[in-house]
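Down below is the structure, laid out as structure tokens.
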Amino acid sequence: MAKRIDVGGLSAYYGAHKAIDDISMTVEPRSVTAFIGPSGCGKSTFLRTLNRMHEVTPGGRVEGKVLLDDENLYGPGVDPVSVRRTVGMVFQRPNPFPTMSIYENVVAGVRLNGGRLRKSDLDATVERSLQGANLWKEVKDRLHKPGAGLSGGQQQRLCIARAIAVEPQVLLMDEPCSALDPISTLAIEDLIGELKERFTIVIVTHNMQQAARVSDRTAFFNLAGVGQPGKLVEIDDTERIFSNPSVQATEDYISGRFG
Amino acid sequence: MDEMDIPTSAASPGGPRAKAAARPGDRIFLGLSRGSGILLLVIMAAIAVFLTVRAAHALAQDHGNFLTTFEWNANTDPPVFGIAVLAFGTVVSSLLAMLLAVPVALGIALFISHYAPRKLAAPLSYVIDLLAAVPSIVYGLWGALFLVPHLGGLYAWLDEYLGWTGILAYHNGAPRSLFTIGILLAIMILPIVTSVSREVFRQVPKMHEEAALALGATRWEVVRMAVLPFGRSGVISASMLGLGRALGETMAVATVLSPSFLISTSLLDPGGGTFAQNIASSFKESGDTGKDALIASGLVLFVLTLLVNGAARMIIARRKEYTA
Amino acid sequence: MSDLTLGRRAPAGAVPPSTTLRRPRLPRWAPAALAGLSAAVACGIGLGAGLSSRFQWGLIAAALFVALTYGLTARVEGLRQAKDRLATSLVWTCFLVAVVPLVSLVQETIARGVKVLDGGFLSHSMAGVLTIQPGGGVYHAIIGTLEQVGLATAIAAPVGLLTAVYLVEYGRGRLAKAVTFFVDVMTGVPSIVAGLFVLSFWIIMLDFGYSGFAGAMALAILMMPVVVRSTEEMLKLVPNELREASLALGVPKWRTILKVVLPTAIGGIATGVMLAVARVAGETAPIVLLVFGSQVINNNPFDGAQSSLPYYIYEQWAAGNDASYDRAWAAALVLIAFVMILNLVARGIARWKAPKGGRG
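Protein chains in written order, with the numbering used here: chain A, 752 to 1010; chain B, 19 to 342; chain C, 4 to 363.
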């Protein structure tokens, strides 16, 4: 259910502007990898190159390769739609479809690959996904109410349920808690801990305590300079990054000396 | 206007609005601006009242049945006239226009908002806005002198394959028919339906589209999951606004249609009429009763457009509450 | 192709079903090639079957293109991709279908309009010219249009502006709600109905004669809601801080509106008024009912029949001969040019004077 990601020499552009430069790293399966770094250092952009969402932005363009268990996402003949089915994503702000019920939101992705789906199969998928997102108990009595009626934290867990309903290999999370209150944040962090049993998880976060709490490995990104593209400074075990990083800039950032 | 200077400040919750009407300058200015608003209401009321008075006058002299008579001889003695043919022609041509225009307008709106290369999208939406400004008489001239001569072949073709339906039968003659009117009106309302729909589609939050994309949706699936449901009520009201325009369109119909007071089952054959066209075409030959009769038919048109536009506005208003 | 398991999840440790991200895809040039092929085949069919109307050719080409794209994609890429391509090709087709008549309209008007359009056409009336004769011009109609639209603007702009000020700066409660609602309703009033109203009120009841002014009143009714709406939008864009700053200095509210709010929004307001002018300049129906039309120059809009550009087009079209058609097209070109210049200038002003915060 989880795949390894190998990134080699990856650069991303917005039109003529280079946003990230020559990034290489490996993300281990069934683990949580956190991306940290100052604002605008390209960590979200990099995350979006991992499921080919970057090229959706007008002018967005990518060079280099991303191997998902030896298969290059940017290889010839690769369909970005299949990539996004395989590499799921959860966004900064909860974004359930406002016109759909909770139930429909969860099966939205499943239906796409549809064909003939039996109601009992869908029901099972909904229950399994909502349980996987720790939301089942809260919403099981109002599955056919609009998803927009939930609280922010519940909406975000609904989005996670929607993402895992299609059984992806990898789950990307782009600051999933930054729009949430502390209690909802805690719920999501607990959930991430459970989800890593089944998925490869990559999470972008602004909150260093969060990175320290949830991740196994941490990557620190930084700008090469004003107006320069972002780059990967180092990636290591989270414990080591937060206790004894090998690069001075990482230590400065973590100890709050800049950023 | 003395009695008007108190209420606003009472209703407004403090802030800069409070005590607005205290000084003479403020009182005059408030009086003027509120007077203008009231004037608008008075005009709307006056339109309804005056049309109704004249219409009542006309109906009193009508020796036919105003709703069911198939003729318009308002200047004979006794006057005999009815709106059956006009109502049929107006509704059929406008609905046809909507039927033809809305899918195409949706396509163009989607093209501009989601499909077109960016370099094409901006100038295209600008052009669409400019086209909304082309006067209807120019559409009429183009319709009569260019469109009509080019439609004969198409109609003969439709007749050959679909003539058996009756609706699409065609028996020669210049195709100055309700169907041609429908096509022309469709072209005319295309810009308004397009630009309203385009605005709605543009307002679809990026995050919903990204959510669909991230689930592995193709572009069409993104449109179907995130864009169309979000824009549905907006599109409906855009269509109604287009319908309202089509119902009241005068000159393009007056130049293209060859009117008759018969209801033909075939939409391709010339004949029929619309409210607005009949008013413009028969006005100059009308005496006093004739004018009143035309005003009566105008009142029906007024009520019809009010209903359609009112419905459109209500849908828009409901949508605002829903998205807010 | 899908690793989706719908039942219970596979027990932990089981080998996950393998996926491949690759799928067969049509080359990038495929849609263009198909479009070209469809057009060629449609021309072939059209010539072969002797179809006279180009509309048929176009329809055949469009149908072929859509069907071919769908069929081919369904075979090569699968059903979901085929639906996606179907939608894409339909959207492109819509775009083309819409562009064709609009291009044709502009092209016809220009091509046929330039034939008799010259200095003489712009500076002469139709006095003494029989409709079947060539010659004559639109001078009297231009005078009529300028006067009628000018008068309509003189009535509608202040009323519309003040109404918008009322709605934005003072409007609370039932009256404002009613005005807002009826402004919307008024936007939808057909021009012929506005004409009938002025007819029944001004000409039938008050017994005035046909005149440019009567037409101007109907045009003003059509203009007012447009001016109100656009002005309202512009006034709402003026930041509240600006108002509060002025009021805090002890400036009375009416002076604040006149000296701070209106100047800030003036660019947008001018744009709105000009767009409204452009809209009514092309109105024909009220002119038919209220101004009655004339062949000669009448400089007095308050007395006697006048002509106007759109009315002139209608009249020349109705005359129904080649000379009059030429004049109709030429007048249509003049009218379109007038309306488009108004539009372009209005949008220019909007861009140049967009209220972007800062000082008023």
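Note that the Cβ used here is the ideal one computed from N, Cα and C, for glycine as well.
All figures in this text were calculated on a predicted structure; none of them were measured in a lab.
- The beta carbons of B/G291 and B/L69 sit no closer together than 8 Å.
- The C-beta distance from B/A329 to B/M258 rounds to 6 Å, short enough to meet the 8 Å contact threshold.
- For C/H127, no beta strand (DSSP E) segment is defined, and its DSSP state is neither H nor E.
- Unbroken alpha helix (DSSP H) stretches of 4 residues or longer found wholly inside the segment 289-331 of chain B: 293-300, given in chain order.
- Of the candidates B/A229, B/L203, B/I101, B/V110, the residue whose Cα lies closest to the Cα of B/I297 is B/I101.
- In this structure, DSSP gives A/L922 an extended state, which the three-state scheme calls strand.
- Ranked by Cα distance from A/M776, the first of A/D757, A/Y765, A/K794, A/V783 is A/D757.
- At a cut-off of 8 Å between beta-carbon atoms, C/P34 makes no contact with chain B.
- A/Q999 and A/I992 have their C-alpha atoms some 11 Å from each other.
- As a beta-bridge residue in DSSP terms, A/I952 pairs with A/V783, A/L922.
- In this structure the segment 877-889 of chain A lies against the segment 909-921 of chain A, because at least three pairs of beta carbons, one per stretch, are closer than 8 Å.
- Buried is the label assigned to C/L265, since at least 16 other Cβ atoms lie within 10 Å of its Cβ.
- Judged by DSSP secondary structure, C/I344 falls within the alpha helix (DSSP H) whose first and last residues are 325-355.
- Neighbourhood of B/D44 in chain C, by CB distance below 7 Å: P255, K256, W257, in chain order.
- Ranking A/H957, A/N846, A/L761 by CA distance to the CA of A/Q905 puts A/N846 first.
- For A/E855, there are no neighbours in chain C by C-beta distance under 8 Å, as the nearest C-beta there is about 16 Å away.
- In this structure, the straight-line span from the alpha carbon of A/D988 to that of A/S833 is close to 31 Å.
- Taking 8 Å as the cut-off, the Cβ atoms of B/I207 and B/R263 count as close.
- Listed as beta-bridge partners of C/T134 by DSSP are no residues whatsoever.
- Judged by DSSP in its simplified three-state form, B/T268 adopts coil rather than helix or strand.
- Counting every other CB atom within 10 Å of its CB across the protein chains shown gives C/E172 a total of 16 or more, marking it as buried.
- Neighbourhood of C/L108 in chain A, by CB distance below 8 Å: empty, with the nearest CB roughly 32 Å away.
- For B/P135, the closest Cβ of chain C is not nearer than 8 Å.
- With a beta-carbon spacing of about 4 Å, B/S215 and B/A127 fall inside the 8 Å limit used to define contacts.
- Apart from the 5 residues on each side of it in sequence, B/V326 sits with its Cβ closer than 7 Å to the Cβ of M258, L261, G262, L265 in its chain, given in chain order.
- Counting along the chain, the unbroken beta strand (DSSP E) around A/V813 starts and ends at 811-819.
- Per DSSP, A/K769 is one residue of the beta strand (DSSP E) stretching across 768-778.
- DSSP places A/G839 in the uninterrupted beta strand (DSSP E) bounded by 838-841.
- Among the CB atoms of chain A, none fall inside 8 Å of the CB of B/A256.
- By the neighbour-count criterion, in which a residue is buried when 16 or more other Cβ atoms sit within 10 angstroms of its Cβ, A/D772 is buried.
- With a threshold of 8 Å between beta carbons, B/H226 makes contact with chain A.
- Taking 8 Å as the threshold, the shortest C-beta distance from C/L24 to chain A falls below it.
- If you look at A/A884, you'll find it isn't in any alpha helix (DSSP H); DSSP assigns it neither H nor E.
- Here C/Q309 is bridged, per DSSP, to C/F295.
- Collapsing the DSSP output to three states places A/S790 in coil.
- Residue-level contact check: B/M243 touches chain A, since one or more beta carbons of chain A fall below 8 Å from its beta carbon.
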